[in-house]
Amino acid sequence: MADITITLPDGSARQVAPGTTAGELAAAIGQRLADAAVIADVNGVERDLVWPLSDGDAVSIITADSPRGLYTLRHSTAHVLAQAVLDLFPRATFAIGPPIEDGFYYDFQLPPGPDGKPGTFTPDDLERIDVRMREIIKERQPFVRDEIPDDDARKIFADHPFKLEIIDGEADDPTSATEAGLVRTYENPSEAKGARGEASFIDLCRGPHVPHTKRLGHFKLMRVAGAYWRGDEHKPMLQRIYGTAWATKKDLDAHLVRLEEAAKRDHRKLGVELDLFSFPEEVGSGLAVFHPKGGTVRRLMEDYSRMRHAESGYEFVNSPHISKADLFQTSGHLDWYADGMYPPMTLDDEHGEGATYYLKPMNCPFHTLIYRSRLRSYRELPLRLFEFGAVYRYEKSGVVQGLTRARGFTQDDAHIYCTKEQAPEELASLLNFVLDLLRDYGLDDFYLELSTRPEEKVVGSVEEWDEATEVLRQVALSKELELVMDPGGGAFYGPKISVQARDAIGRTWQMSTIQLDFQTPRRFGIEYVGSDGARHEPVMIHRALFGSVERFFAILLEHYAGAFPTWLAPVQVRLLGVRDDHHAYAARLADRLNAEGFRAEVIDASEKLGNRIRRAKLEKIPYVLVVGDDDVEHGTVGVNPRGGEVERGVAIDDFIVRLRAEIDAATAAR
RNA sequence: GCCUCCUUAGCUCAGUCGGCAGAGCGUUUCCAUGGUAAGGAAAAGGUCGUGGGUUCGAUUCCCACAGGAGGCUCCA
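Numbering (the numbering used here), first residue to last: 720 to 1389.
Take a look at the structure:
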């Protein structure tokens, strides 16, 4: 038989014998490629390496160092996890186990224990499972693909109800697929099991997979967690085991180091270490108190924001923390979000008649009342009302997390009331304002997300939503930023653009949100008198730039790993006298710096200089100034900057000029 | 809210197979007065998260609650 022709990714053609597999092709190209090969892309479809090639196929070999290769590696490791669990827990059943970012998971259900509740994995179980997985890997079990009729699959998986649901097409499984009465499976034949007369492991799966288990092994089981079957809280909770897997031990170790590094900059940890804030148990879950240093950073963040808002045409308002229920009835919050609000406070008068009050979950109803306090003219629009407004939301107990998901927090909230015609331009300038401001705080890597009409819990007509969404889309497209769609992610009253920012270690955070709202003006019946003398309904834009001051504080804290830039640092300068007799000089310098608006403090010489410097460094203070005999004599300081080189004999005036220049540059001297 | 794990000094953590607890760092005091990331000594500091139960006796075992971590669901 004549050779067949295969096209390679570089465009070259290669002649191989008929029946050559993708793996054999890799070997023919080179041993190193064959060793690194995981799967193959044949005419755009991912295939196992044992896939036989046909004449004219376009083939590229996918290796473990590529995203698709890693994905396959993790997926195959998930199968090994499932096999290990079924080996060790014979009455366990398994559900789905896809690869995820950096790793994989698999969901299981264990038989009920003596108390009748489904069993759970313990940390010890994870170790046993890990050991068993390594045995399976050592066995070099092949991954064998098959397609079998549904009915045969139902027999094989008769004891596994979740698999039966998948076969029946009731449940989506991102890694297995059923079509036209056939089910795709992967089996891991095992000589050891065969010798004992046991059936080998088989799973529903679309594949592809690595050729055999020996290609795996650089993994670590991370944790066990509960997860609802099919992501539905009304369905049974399964036991999910998470793992991470990599192509090499080096990659695995590097990943574990990255996790440690991220843990080090966790704002909850830094908050304690740097004495910034705390969550006293006596106050309640999700309710923070800010200590003096954290309070200073907050004040600086807020002051700068206020200044920028004042320059940009915002007016400052204030509103109370609680309100009678009627207000939230009018706004719609009680209809849609009563569950997320703190329970009501009921005040009885002497007749037993009372008023019901709620803690406010949002500021917009109050701002809208301010708008409605008198008749508005079109000449006043856009009217921009800003408030650092404290809001309270009853977050479910399992979701509270440090400052990023709190029950009480402060929004840098503003509502812009304008005519429908003004909205596009207002939104465009708003987006510029948002991005500029975030850049001033040190974030500069953004993308935008457009959240559209939710399926449920929604007010307003589809036409209104479409119109509002289109306005936002046009504004978003006008920026040179990536735009990601978030279908159904809007609030009940309107679509939103959110600004997503990537921090110093590449994590993304949802930052500012800008929402267009046609509903609230209608619910509150607000109007303006147009140039035609007639009454018109304004539109409303909700926007928060930090989102929440507390959350933004946490994001900056993690972004800077606690080392706030000088303009935000709670202590900018620490002065240290070499000996006690330099203290008076150091104290005079501190007084001068403080008088000039800097934040400086002196520590006396009760410890050796080296140790005092060490403490200042651990506190991440931007500048340590050391003064000794030479400095007292010449009016100079020794400057030890955070992350820089020590400089002796700097004139005080020089240092002050440099410090001021640095701070002015950071905030663009606006 | 659901699942797993956790809660011992200000912080990080030992420990008690049930007999009222320990280290390092930090704090205070004393000595030491030193030129750029840990000088020495001493002392203070704990109802072992809270409340029940079992027990002669509970920080330890059991239950509930609170708080925390990681997930799931949720996030106006």
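We put the CB at the ideal spot given by N, CA and C, even for glycine.
On a Cα-Cα basis, can you pick out the residue from the options that is closest to residue i?
i	options	result
Glu884	Ala918, Pro908 and Arg949	Arg949
Ile1371	Val1365, Val1351, Gly1362 and Arg1361	Val1351
Asp722	Ser773, Glu743 and Leu1312	Ser773
Leu1066	Phe1009, Tyr1076 and Gly1059	Tyr1076
His1086	Phe1035, Tyr1056, Val1119 and Gln1219	Phe1035
Ile1340	Gly1117, Ile1224, Leu1294 and Val764	Leu1294
Tyr1160	Ala1223, Asp951, Gln828 and Arg942	Ala1223
Thr791	Val929, Pro771, Asn762 and Glu889	Val929
Asp1132	Leu971, Asn762 and Met1259	Met1259
Arg942	Gly1014, Arg1017 and Asp844	Asp844
Arg1017	Phe1271, Glu1174 and Lys968	Phe1271
Pro830	Asp821, Gly816, Asp878 and Arg873	Asp878
Gln1193	Glu1277, Val1181 and Leu1167	Leu1167
Leu1235	Lys1176, Pro1143 and Glu1199	Pro1143
Whole angstroms are fine: how far does the CA of residue j sit from the CA of residue i?
i	j	result
Ile1382	Ala1125	31 Å
Pro1063	Gly1281	39 Å
Ile960	Ile1233	38 Å
Arg987	Asp729	50 Å
Leu1154	Thr1227	15 Å
Ile1375	Val1268	30 Å
Lys1336	Asp1164	28 Å
Gly1074	Asp1045	The displayed chain sequence assigns Ala, not Gly, to residue 1074. Cα to Cα, Ala1074 sits roughly 9 Å from Asp1045.
Arg1377	Ala1288	16 Å
Tyr905	Arg864	5 Å
Ala803	Pro837	19 Å
Val1061	Pro908	Just to set this straight, residue 1061 is Tyr in the shown sequence, not Val. So the alpha carbons of these two residues sit roughly 57 Å apart.
Ser1217	Phe920	46 Å
Ala1388	Ala1380	Only weak support exists for where Ala1388 lies, its pLDDT of 46 falling under 50; the coordinates are left without a value.
Thr724	Pro861	28 Å
Leu1156	Gln1219	14 Å
Tyr947	Tyr1212	29 Å
Val1365	Gly816	54 Å
Ala1057	Thr1123	22 Å
Thr1147	Leu752	In the sequence on display, residue 1147 carries Ala and not Thr. Near 51 Å, if we compare the C-alpha coordinates of Leu752 and Ala1147.
Taking 8 Å as the cut-off, decide whether the C-beta atoms of residue i and residue j are in contact.
i	j	result
Arg793	Phe840	no
Leu1169	Ala1195	yes
Arg1262	Ser1231	yes
Leu940	Asp826	no
His1040	Cys1083	no
Lys933	Arg859	yes
Val1321	Ala1305	yes
Ile867	Val902	yes
Gly788	Ile758	yes
Thr740	Ala732	no
Glu1183	Phe1243	no
Pro1257	Cys1137	yes
Gly1032	Arg1103	yes
Asn1359	Val1345	yes
Asp784	Ala973	no
Ile781	Asp760	yes
Gly926	Asp776	no
Ala736	Ala745	no
Asp994	Lys1012	yes
Ala1309	Ala1324	no
Val1181	Gly1051	no
Arg1241	Gly1207	no
Pro1080	Gly1108	no
Gly742	Val769	yes
If residue i and residue j are in contact, beta carbons under 8 Å, what's the gap, nearest whole angstrom?
i	j	result
Gly1127	Leu1019	Gly1127 to Leu1019, Cβ: 21 Å. No contact.
Ile855	Gly936	Their Cβ separation, rounded to whole angstroms, is 10 Å, which puts Ile855 and Gly936 out of contact at 8 Å.
Phe996	Gly990	5 Å
Gly913	Thr796	Actually they are not in contact, since the Cβ atoms of Gly913 and Thr796 sit about 23 Å apart, beyond 8 Å.
Thr1285	Ala1385	7 Å
Tyr1279	Ser1096	That belief does not hold up - the Cβ atoms of Tyr1279 and Ser1096 are roughly 46 Å apart, past 8 Å.
Should residue i be counted as a contact of the ligand MG given a C-beta to heavy atom distance under 7 Å?
i	result
Asp776	The ligand MG is not part of the structure shown, which contains no ligands of any sort.
**Message:** To test your reading of the DSSP string, which unbroken alpha helix (DSSP H) runs of 4 or more residues are found completely within the segment 943–984?
**Reply:** 968–983
**Request:** Would you list, in sequence order, the uninterrupted alpha helix (DSSP H) runs of no fewer than 4 residues that lie entirely inside the segment 752–807?
**Result:** 786–807
**beta strand (DSSP E) runs contained entirely in the segment 1198–1244, provided each spans 3 or more residues** = 1202–1205, 1215–1221 and 1227–1236
**Message:** If we require 3 or more residues per run, which beta strand (DSSP E) segments fall completely within the segment 1168–1201?
**Reply:** none
**Item:** Any alpha helix (DSSP H) of 4 or more consecutive residues that is wholly inside the segment 1061–1110
**Value:** 1083–1091
**Prompt:** Which parts of the segment 1009–1048 are runs of the beta strand (DSSP E), unbroken and 3 residues or longer, counting only runs that do not cross its ends?
**Reply:** 1041–1043
**Request:** Within the segment 847–914, note down every full beta strand (DSSP E) run reaching 3 residues or more, in order along the chain.
**Result:** 863–868 and 901–907
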